[in-house]
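The structure appears below as C-alpha cells.
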Amino acid sequence: MKTFFKEIVINTSKRLEAINITRYVEEAVRESGIQNGICLVFAPHATAAIIANEFEPGLIDDYIEFIKQVFKPDYRWKHNLIDNNAHAHLASAVIGPSRIFPVKDGRLVRGTWQEIILLELDGPRSSRRIIVEVLGE
Ligand code: ZN
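Counting with numbering that gives the first Met the number 0, you get residues 0 to 136 for the letters of the sequence shown.
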C-alpha cells in the first residue's frame, strides 16, 4: 500500500465563509499516483469544517445562514468570554473537520453535486491548513 500526504494552505476573508477546495484535493489525488484507495480531507482546526455538497450561490448563503441560525454567534455562550467564537467551535464539532472519499482508477469519486467545501467558521484567517492524505495502490 502507498500513502501520499499533502498540506494545502488557504487564506479566508470573512468570518463565515464557504470555500470550494475541490480542485486542490483532485490535484493532490493526481499527484499521489494512487489508482485505487481512499482520500482523507482533514482540517486540523477547531473552528472550521469540511463538507461535500453543492456549491451553488444561493446554497452557499444558506449554509452560512443555517450556521447562524443553529449555532447563534450572538448567544451568550460561556466560551465567548474567552475569545468570542463559541459558535465556530460548536459548528466544527457538529459538522466535523474531515470527510473521506473513494479513489477509483486514479480519480476522486464524488457525485455531480458534491464539491469539497471548507467552511470557515471564525475567519478571516491567513493560513487555514487542509491535509489531504491518499492511501491505496
Ligand atoms: Zn475559541
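The beta-carbon is built from N, C-alpha and C at its ideal position, and this holds for glycine as well.
Nothing here was measured: the structure is a model prediction, and the numbers come from that model.
Do you know offhand how far residue i's Cα is from residue j's?
i, j, result
"Ile63", "Pro56", "11 angstroms"
"Glu54", "Asn19", "Here residue 54 turns out to be Phe, not Glu, going by the sequence shown. Their Cα atoms are separated by approximately 7 angstroms."
"Ile66", "Lys103", "33 angstroms"
"Thr21", "Asp73", "31 angstroms"
"Lys5", "Arg75", "38 angstroms"
"Lys1", "Leu39", "14 angstroms"
"Pro43", "Ile130", "8 angstroms"
"Thr29", "Arg106", "For clarity, residue 29 is Arg in the given sequence; the question names Thr instead. Taking the straight line joining both Cα atoms gives about 7 angstroms."
"Val8", "Lys71", "28 angstroms"
"Ser12", "Val108", "29 angstroms"
"Ile116", "Pro101", "17 angstroms"
"Ile59", "Ala87", "17 angstroms"
"Glu119", "Ile37", "24 angstroms"
Would you mind giving the Cβ-Cβ distance between residue i and residue j, rounded to the nearest angstrom? I have them listed as a contact below 8 angstroms.
i, j, result
"Arg14", "Asp121", "7 angstroms"
"Ser97", "Phe41", "4 angstroms"
"Arg127", "Ala48", "Between Ala48 and Arg127 the Cβ distance is about 11 angstroms, and since that is not below 8 angstroms, they are no contact."
Select from the options the residue whose C-alpha is nearest the C-alpha of residue i.
i, options, result
"Gly135", "Asn35, Leu117, Ser12", "Asn35"
"Ser91", "Ile50, Glu114, Ile99, Trp112", "Ile50"
"Trp112", "Asn52, Ile99, Leu89, Asn79", "Asn52"
What are the residues that DSSP puts in a beta bridge with residue i?
i, result
"Arg14", "Per DSSP, none; premise fails for Arg14."
"Gly36", "Val102, Gly135"
Please list the segments of the alpha helix (DSSP H) lying wholly inside the region 89-117, counting only runs of 4 or more residues, in order along the chain. Segments of the alpha helix (DSSP H) lying fully in the region 89-117: there are none.
With a floor of 4 residues, list each alpha helix (DSSP H) that falls wholly inside the region 38-99, ordered by position along the chain. Annotation: the region 38-99 contains the following complete segments of the alpha helix (DSSP H) (minimum length 4 residues), in chain order: 56-70, 79-82, 85-94.
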